[in-house]
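K.L.:
One structure is given below, represented as structure tokens, and several questions about it will come after.
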Amino acid sequence: MEDKLIQIATNVLGIKKENISLNSSREDIDEWDSLAHLNLISEIEEQFGVKIPFEEIHKIRKLSDFLKYVNKNKPL
Amino acid sequence: MIYDNVLKGKFVNLRSVLTSDSEFILKLRLDENLNKYINKVDNDLEKQILWIKNQQKAENDYYFLIESIEGNPLGTISLYNIKNSEGEFGRWVSIGNSVQNLESVIILHDFGFYELGLDLIYSETVRENKKVLNFHKRFGATILNDFTEYNNFILQKAIIKKEGYKNIRKKNIELINYFS
């Protein structure tokens, strides 16, 4: 799941895998601008079948923040 | 100039800045998380009020407050230096979320191209402000190797032409619609 998350991020942000980790934050990555943030959310929602509430869009600061939404849909 | 109407979106509205917005704007521009790449202002409310009064008198200069649909102030955005069918997009400072920020930029470009009839809208961003330059690029602007110096900043120009805006708008509106 973590690998898939990083793969999505590298594709959306257009950066190399070695330049991003789950601990990477929006502040660390120039390519993670506000439009990229929306692309990232929509891609993660689609690929993991989750929905991130609108009010929480701005609370996502790190790639690892996505895990709490993704984990909700994790098969038992 | 004061624009009498409200430019309406799904997540934000834009209306002309009033002197009563001075306190909010000053606070915004003094916020160290937001003001790294914008011209510094003094912490002086009277100066801010005077600046807005002068802006309101300036021809070809529109300065908008970005408000949430609920009417809460989120930031500012502007179309100014309008001449020869071109205008500059700037003074964009916002505490809104990414959807609100994106929509504010679409509304401003709609205003420039479709209401004012401009042929080109440009922005000048501090060269080191990679995040905003990346935003412009992702939005659909063409980033030029055209640099100017202003107030000890090196600025890089990005442009959007009217003929290309239809497709740019479509792509970005689709994203807005996704979140609505």
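Protein chains in written order, with the working numbering: chain P, 1 to 76; chain V, 77 to 256.
A virtual CB, placed ideally from N, CA and C, is assigned to each residue, including glycine.
Everything numeric in this text was worked out from a predicted model, so none of it was measured.
#1: Residues in its own chain within less than 7 Å of V:ALA134 by CB, not counting five upstream and five downstream?
#2: On the DSSP letters alone, give me the boundaries of the alpha helix (DSSP H) that V:GLU250 sits inside.
#3: I want to verify the contact list: residues of chain P whose CB lies under 7 Å from the CB of V:TYR113, in sequence order.
#4: In this structure, how does DSSP classify V:ASN89 when only helix, strand and coil are distinguished?
#5: Based on Cα-Cα distance, which residue from V:LEU94, V:ASN157 and V:LEU102 lies nearest to V:GLY188?
#6: Just the C-alpha distance for V:LEU196 and P:ASP3, rounded to the nearest angstrom, thanks.
#7: Between the Cα of V:PHE140 and the Cα atoms of V:LEU155, V:LYS233 and V:GLY240, which residue gives the shortest distance?
#8: Please classify V:ASN177 as buried or exposed, where buried requires at least 16 neighbouring CB atoms within 10 angstroms.
#9: What residues match up with V:GLN232 in a beta bridge as DSSP calls it?
#10: Please classify V:ILE142 as buried or exposed, where buried requires at least 16 neighbouring CB atoms within 10 angstroms.
#11: On the DSSP letters alone, give me the boundaries of the alpha helix (DSSP H) that P:VAL12 sits inside.
#12: Scan the segment 42–75 of chain P and note each continuous alpha helix (DSSP H) run of 4 residues or more that stays entirely inside, going in chain order.
#13: Within its chain, find whatever has a CB closer than 7 Å to the CB of V:GLY85; leave out the 5 residues flanking it on each side and keep chain order.
#14: In whole angstroms, give me the CA-to-CA distance for V:ASN243 and V:GLU191.
#15: Which of helix, strand or coil does DSSP assign to V:LEU193?
#16: If P:LEU81 sits next to V:ARG214, beta carbons under 8 Å apart, how far is it from one beta carbon to the other, in whole angstroms?
#17: Between which two residues does the beta strand (DSSP E) holding V:ILE153 run?
#18: Output needed for V:THR224: all residues of its chain with C-beta closer than 8 Å, excluding positions within five of it in sequence on either side, in chain order.
#19: What's the C-alpha gap between V:PRO149 and P:ALA9?
#20: Should P:LEU38 be flagged as near chain V, meaning a C-beta pair shorter than 8 Å?
#21: Alpha carbon to alpha carbon, what distance is there between V:LEU220 and V:ASN228?
#22: Would you say V:GLY216 and V:ILE235 are within 8 Å of each other, going by their C-beta atoms?
#23: How long is the line joining the alpha carbons of V:ILE249 and P:VAL50, rounded to whole angstroms?
#24: Based on the DSSP output, what are the partners of V:ILE125 in its beta bridges?
#25: By the criterion of Cβ-Cβ separation under 9 Å, what are the contact partners of V:PHE255 in chain A?
#26: Once DSSP output is grouped into helix, strand and coil, what is the label at V:LEU82?
#27: With 8 Å set as the bound, which would you pick, yes or no: does the beta-carbon of V:PHE17 sit closer than that to a beta-carbon of chain P?
#28: To the nearest angstrom, report how far apart P:LEU22 and V:ILE125 are at their CA atoms.
P.N.:
This is what the structure holds:
#1: Taking the second sequence and counting its residues from 1, one reaches residue 134 of chain V at position 58. Cβ contact annotation for V:ALA134 (same chain, cutoff 7 Å, sequence separation greater than five): MET77, in chain order.
#2: For the purposes of this step, residue 250 of chain V is taken as the residue at position 174 of the second sequence. In the DSSP annotation of this structure, the continuous segment of the alpha helix (DSSP H) that includes V:GLU250 starts and ends at 238–254.
#3: If you number the second sequence from 1, residue 113 of chain V lands on position 37. Per Cβ cutoff of 7 Å: no residues; V:TYR113 is ~13 Å from chain P at best.
#4: On the second sequence, residue 89 of chain V is found 13 positions in, with the first residue counted as 1. Note: V:ASN89 maps to strand in three-state DSSP.
#5: As a position in the second sequence, residue 188 of chain V is number 112, starting the count at 1. The shortest Cα separation from V:GLY188 among V:LEU94, V:ASN157 and V:LEU102 belongs to V:ASN157.
#6: The sequence position of residue 196 of chain V within the second sequence is 120, counting from 1. The sequence position of residue 3 of chain P within the first sequence is 3, counting from 1. The straight-line gap separating the alpha-carbon atoms of V:LEU196 and P:ASP3 is approximately 42 Å.
#7: Counted from its first residue, the second sequence places residue 140 of chain V at position 64. Distance check between V:PHE140 and each of V:LEU155, V:LYS233 and V:GLY240 places V:LEU155 closest, using alpha-carbon atoms only.
#8: Position 101 of the second sequence, counted from the first residue, corresponds to residue 177 of chain V. Burial call: buried.
#9: On the second sequence, residue 232 of chain V is found 156 positions in, with the first residue counted as 1. According to DSSP, which records beta bridges pairwise, V:GLN232 is partnered with V:THR201 and V:PHE223.
#10: As a working mapping, residue 142 of chain V is identified with position 66 in the second sequence. Under this definition V:ILE142 is a buried residue.
#11: Stepping through the first sequence from its first residue, residue 12 of chain P is reached at position 12. Annotation for P:VAL12: the continuous alpha helix (DSSP H) segment containing it runs 2–13.
#12: Annotation note: the segment 42–75 of chain P contains the following uninterrupted alpha helix (DSSP H) runs of length 4 or greater, listed N- to C-terminal: 67–72.
#13: Locating residue 85 of chain V in the second sequence gives position 9, where the first residue counts as 1. The answer, listed in chain order, is GLU179 and ILE183.
#14: Counting from 1 along the second sequence, the entry for residue 243 of chain V is found at position 167. Counting from 1 along the second sequence, the entry for residue 191 of chain V is found at position 115. The alpha-carbon atoms of V:ASN243 and V:GLU191 are separated by roughly 18 Å.
#15: Position 117 of the second sequence, counted from the first residue, corresponds to residue 193 of chain V. One detail in the question is off: residue 193 of chain V reads as Gly in this sequence, not Leu. Residue state, collapsed to three classes: coil.
#16: With chain P covering only 1 through 76, there is no way to say anything about residue 81 of chain P.
#17: Position 77 of the second sequence, counting from 1, holds the residue named residue 153 of chain V. Counting along the chain, the beta strand (DSSP E) containing V:ILE153 begins and ends at 149–159.
#18: For the purposes of this step, residue 224 of chain V is identified with residue 148 of the second sequence, where counting begins at 1. Excluding sequence positions up to five before and after V:THR224, its CB lies within less than 8 Å of the CB of GLU200, ILE230, LEU231 and LYS233, all in the same chain and listed in chain order.
#19: As a first step, residue 149 of chain V must be located in the second sequence, where it is residue number 73. As a first step, residue 9 of chain P must be located in the first sequence, where it is residue number 9. For the pair V:PRO149 and P:ALA9, the Cα-to-Cα distance works out to about 31 Å.
#20: As a first step, residue 38 of chain P must be located in the first sequence, where it is residue number 38. Taking Cβ atoms only, chain V reaches closer than 8 Å to P:LEU38, which makes this a yes.
#21: Residue 228 of chain V sits at position 152 when you count from the first residue of the second sequence. Residue 220 of chain V sits at position 144 when you count from the first residue of the second sequence. Distance between the alpha carbons of V:ASN228 and V:LEU220: 20 Å.
#22: As a first step, residue 216 of chain V is located in the second sequence; it is residue number 140 there, counting from the start. As a first step, residue 235 of chain V is located in the second sequence; it is residue number 159 there, counting from the start. No. Outside cutoff.
#23: Your numbering for residue 249 of chain V matches position 173 in the second sequence. Your numbering for residue 50 of chain P matches position 50 in the first sequence. One C-alpha to the other measures close to 22 Å.
#24: Locating residue 125 of chain V in the second sequence gives position 49, where the first residue counts as 1. Beta-bridge annotation (DSSP): V:ILE125 is not paired with any residue.
#25: No chain A appears in the structure shown, which is made up of the protein chains P and V.
#26: Residue numbering aside, residue 82 of chain V sits at position 6 when the second sequence is read from its first letter. Note on residue identity: the sequence assigns Val, not Leu, to residue 82 of chain V. The DSSP-derived three-state label of V:VAL82 is coil.
#27: With chain V running from 77 to 256 in the structure shown, residue 17 of chain V is simply not present.
#28: On the first sequence, residue 22 of chain P is found 22 positions in, with the first residue counted as 1. On the second sequence, residue 125 of chain V is found 49 positions in, with the first residue counted as 1. Each residue's alpha carbon lies about 45 Å from the other.
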